[in-house]
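Be aware that the sequence shown starts at 156, since it is given in the working numbering, and climbs by one per residue.
Here a beta-carbon is modelled for each residue, glycine too, at the ideal position from N, C-alpha and C.
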Amino acid sequence: MAVQMTCHVPRMDDWGIVIAPYFQWQDGGGIWKFLQTAGNDSRHHSAQLVHAATIKWWHWDPVVESLLCVALGGVSAVMVVDWWVRLGVKSVRVLLAGLVSVFLVLSPMQWMNWSWGIQLCYMLPIAGTVAVFWILNRDWVLWRRVLVAVVPCWVAVFGFANGWLAVLIGGGMLLWEVWKGGWRESKRLGLVIWVLSGIFAAWVYALDWPESRGITEEGLFSRLMGAPGEVVGFYLQLLGAPLADVFVTGDRSARVAVQGWVSVSVAVVSLGVLMACGVHLWRRRGELVGGEVVPWVVLVLWGLGNTAAVTLARWGAEGFGPFHSRYPGFTVWYFVGLLGLLAMTRGAGWKWVMRGTLLVVGVGAGLGALQGWRDGMKAARNGHFMEAAVAMRHVAPEPVFLESTRPWDVGNTVKWLDRLDQDGMLHVKTVRSEKVKESVGEVGSWAKGELSEVEVVGGGLKVSGWAFDGESRGPVRAVAISYQAGDGEETWLGIAGRNTVQRKKAEKVGARVLEDRIGWVYEPLTGEERAFMSGTKLKLARREMPTGRVTIRAYGYDPVGGRFAPLTGSREVELPVK
């Protein structure tokens, strides 16, 4: 899935976090300047080091980074499994809790985000923070645990802003150990080393911080206190968001309405269960070993802390929704910790509480996985449109999709894409010629499909048909449209920018019905195309519509492999329309 859904061209945040500092580095800015780039009010040193490595060895291939994120998720899951093993698989419910925990750690909510290509900012803090309390919970001598744990702690801190929770978590665990050990000198030394390492990290974090990027927002406290009920509601929505997909539908408005109520309900009930569980375990504190409880308490606090951090940063932000972002993925750890604490409860009543919690979490995560897969497929299709637009940016520009790769200045984006292409860092095959017969790439029969209809709408063309990849049996990445006037050269016009469901056709021709969006549409030109992100009128114009009697044809197009495949059917039309 990571390979299939990752977009091969830079998108949005990538430009500020990777590309702009990379160009500064190439122009003599140095590796330190590259690492010290502040993005999204965060430092990304650990992510930038990975970016630098992939630039050096793989010419910055986003697919490689996505696979690394999968590996980080796997390592995090293994550490969580180790906690469950140390707890002891004493019953089926504990085994199920462990399996559900791993599923949550790998977070189906992230499946919709691979196309962004910046998931290191999500997985590095996750893996780093998990490693911190996995290491500090070992049976090693204290100085060894502290020195080893400092490394993943810094990875978390310099991955994303919420990585600072790793410092607080590690400090809390060490403080508890010092208090339990009677404040022995050897224990205090470990705590001092940890605090000093945190101070040093804070100094590096703030070093050369751009004045334009305030670490704290002016007036934030008054804004939050101005609507405390709404802030609390937003917090609860975020907390329950990972389990809120009980209504699996493509209708965004209906889905969000249901998610709003379900997420708050899940959050409130789970917090009630947590409080009751805490009272139960406190009464049984004499029977428990403190080290068994601490990791699960830490996970609960980490999930709650992440939710608070996202609420402070994002509440009231225009266009932000808690149900279509990577951020709720940070809160899944709250539910992992809750399952761990419930596994330590005793009594018939608590068995049923555990079973009920497992049912809610399991079903919520499962339905979330299904919806996440659907969202991921939709994001991947949009990524394919962007790949095609980038590959054909000079011969058949589609500014709507070019703008979505970098939502600021389409014209300048084309220049930057050319430079990435020159440096070998653009992982699509750029089309060099407007003439179809001279286009770079392989022409073959790997794609099957048809140009079915050409309409004149709004003074422009609406071309539609269907196509699928004969090798994967899924939709083709893109469809390129051409025109030919009389005996002139066949020339590129544009790319289809929308997929449509063609289930009956998919069944008939042997395409995968699960991916039945094999229909494609090239939209009419209106001259009023708007940017996806800013809503402003696009400065870069699409190709001018040809005049006279022209023949319209379509080609299945793989911009990554640089392959074209003629689709059957063609249509003639007289332009302009009288």
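Between residue i and residue j, which are expected to be in contact by the criterion C-beta below 8 Å, what is the C-beta distance as a whole number of angstroms?
i              : j              : result
arginine 718   : glycine 599    : 6 Å
tryptophan 238 : proline 397    : Tryptophan 238 to proline 397, Cβ: 19 Å. No contact.
lysine 694     : valine 487     : Wrong, their Cβ atoms sit about 41 Å apart, outside the cutoff.
alanine 543    : alanine 602    : Going by Cβ atoms, the distance from alanine 543 to alanine 602 rounds to 13 Å, so no, they are not a contact pair.
threonine 512  : valine 428     : 6 Å
arginine 548   : methionine 167 : About 17 Å; that fails the 8 Å criterion.
leucine 346    : leucine 329    : 5 Å
valine 255     : leucine 494    : 7 Å
valine 322     : glycine 353    : 5 Å
valine 736     : leucine 522    : As displayed, the chain neither begins before 156 nor continues past 733, which places residue 736 out of reach and without an answer.
Here's the rule I'm using: 16 or more other beta-carbon atoms within 10 Å means buried, otherwise exposed. How should residue i be labelled?
i                 : result
valine 550        : buried
proline 217       : buried
threonine 691     : exposed
phenylalanine 355 : exposed
glutamine 657     : buried
arginine 440      : exposed
tryptophan 470    : buried
arginine 300      : buried
leucine 722       : buried
isoleucine 324    : buried
methionine 430    : exposed
aspartate 642     : exposed
leucine 393       : buried
aspartate 363     : exposed
aspartate 169     : buried
glycine 185       : exposed
tryptophan 295    : exposed
valine 518        : exposed
tryptophan 563    : exposed
serine 221        : buried
Looking only at its own chain, which residues have a Cβ that is under 6 Å from the Cβ of residue i, when we skip the five neighbours before and after it?
i              : result
lysine 617     : Glu610, Pro679
alanine 661    : Val668, Asp671, Ile673
histidine 206  : Val173
isoleucine 281 : Ser231
methionine 580 : His214, Trp215
valine 491     : Ser256, Leu259, Leu454
Between the options, which lies nearest to residue i when the distance is taken from Cα to Cα?
i              : options                        : result
cysteine 567   : Pro554, Leu493, Glu220         : Cysteine is not the amino acid found at residue 567; the sequence shown has asparagine there. With distances taken between Cα atoms, asparagine 567 lies closest to Pro554.
methionine 283 : Ser231, Gly253, Leu251, Leu259 : Correcting the residue type first, residue 283 is glycine in the shown sequence and not methionine. Among Ser231, Gly253, Leu251, Leu259, the Cα nearest to that of glycine 283 is on Ser231.
tryptophan 349 : Trp319, Ile281, Lys335         : Trp319
valine 728     : Ser588, Ala720, Ile707         : Ile707
aspartate 530  : Phe478, Gly471, Trp187         : Phe478
glycine 327    : Val296, Ala357, Asn292         : Asn292
tryptophan 747 : Ser594, Pro280, Met499, Leu330 : One cannot answer for residue 747 here, as it falls past the ends of the chain, which runs 156 to 733.
serine 637     : Ser627, Val491, Arg698         : Arg698
lysine 533     : Asn654, Glu597, Gly460, Leu190 : Asn654
glutamine 203  : Gln274, Val247, Val595, Met167 : Gln274
glycine 577    : Gln414, Arg166, Gln181         : The amino acid occupying residue 577 in the given sequence is glutamine; glycine does not appear at that position. It is Gln181.
threonine 192  : Val164, Val173, Leu254, Ile210 : Val173
glycine 399    : Val591, Phe556, Tyr390, Val411 : The question names glycine, but residue 399 in the sequence shown is alanine. It is Val411 whose Cα lies nearest to the Cα of alanine 399.
glutamate 129  : Gly183, Val612, Ala720, Arg704 : Missing from the structure shown is residue 129; the chain here goes from 156 to 733 and no further.
proline 483    : Ile290, Val260, Leu362         : Val260
lysine 592     : Glu644, Pro562, Val664         : Glu644
cysteine 741   : Leu351, Leu581, Leu496, Val235 : This structure leaves residue 741 out entirely; the chain is present only between 156 and 733.
glycine 229    : Leu251, Gly185, Met278, Leu250 : Met278
serine 594     : Leu522, Tyr710, Ala409, Ala651 : Tyr710
tyrosine 712   : Trp213, Trp289, Gly625         : Gly625
leucine 557    : Trp309, Ala503, Gly652         : Gly652
tryptophan 309 : Ser559, Glu332, Trp331, Trp358 : Trp358
arginine 726   : Val233, Ala640, Gly492         : Ala640
glycine 415    : Leu391, His435, Val424         : Leu391
glycine 665    : Ala409, Phe623, Val515, Val434 : Phe623
glutamate 447  : His163, Gly171, Phe288         : Phe288
Ordered along the chain, which non-local residues of its own chain (more than five positions away) have a Cβ less than 8 Å from that of residue i?
i                 : result
serine 607        : Ser619, Gly620, Trp621, Gly724
leucine 302       : Ile348
tryptophan 187    : none
phenylalanine 178 : Trp571, Arg574
arginine 248      : Ala498, Lys506, Met509, Arg510, Leu513
isoleucine 290    : Arg300, Val303, Ala304, Pro307
Among the residues of its own chain, which have a CB less than 7 Å from the CB of residue i, if the five just before and after it don't count?
i                 : result
alanine 546       : Val583, Lys584, Thr585, Val586, Pro714
phenylalanine 258 : Ala520
arginine 198      : Phe313, Tyr360
leucine 648       : Ala551, Ile636, Ser637, Tyr638, Arg698
leucine 459       : Tyr489
asparagine 317    : Pro280, Asn461, Ala464, Phe485
Discussion item. I want to know whether the segment 525–542 touches the segment 413–424 - three or more CB-CB distances under 8 Å.
Written reply: no
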